[in-house]
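In the numbering used here, the protein residues as written are 565 to 671. Cβ atoms here follow ideal geometry from the backbone N, Cα and C, with glycine treated the same way. Quantities reported herein were computed from a predicted structural model and do not represent experimental measurements. Notes for the one structure printed next.
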């Protein structure tokens, strides 16, 4: 779940890193992006992303309400039980989700 505010240049690289991390993990995944009233092309750029089969993308637009309410909206829209919060300017390491999956599997 990614809350976004005026991050048009960051969305694609952030999502690309998530997709790379998902490729080695065993998670069924969706990426939920909540655009929190951006005044740039953040939501448009997010909607143009092309993801591999098996990873769905859900882009939500809302008036600017702040990061916490954007996260709440993303949680309400999420279809899976486990939710990872990541900010729009954070790059995930390729092995991060594989490690996380092994930790969750072991408890």
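Please determine, among 610, 597 and 573, the residue with the shortest C-alpha to C-alpha distance to residue 640.
A check of alpha carbon separations from residue 640 across 610, 597 and 573 identifies 597 as the nearest.
By the DSSP assignment, the beta strand (DSSP E) with residue 597 in it spans what residues?
Its beta strand (DSSP E) spans residues 593-600.
In its own chain, which residues sit with a C-beta less than 6 Å from the C-beta of residue 574, not counting the 5 before and 5 after it?
So the list reads 652 and 653, once near-sequence residues are dropped.
Helix, strand or coil: how does DSSP classify residue 616 here?
The answer is coil: DSSP assigns residue 616 none of H, G, I, E or B.
CB of residue 656 within 7 Å of CB of residue 582, strictly
Against a cut-off of 7 Å, the Cβ pair of residue 582 and residue 656 comes out as a contact.
Distance, residue 658 Cα to residue 616 Cα:
CA-to-CA, the gap between residue 616 and residue 658 works out to about 16 Å.
Compute the beta-carbon to beta-carbon distance between residue 630 and residue 600, rounded to the nearest angstrom, for a pair I have assumed lies under 8 Å.
Yes, they are in contact, since the Cβ atoms of residue 630 and residue 600 sit about 7 Å apart, within 8 Å.
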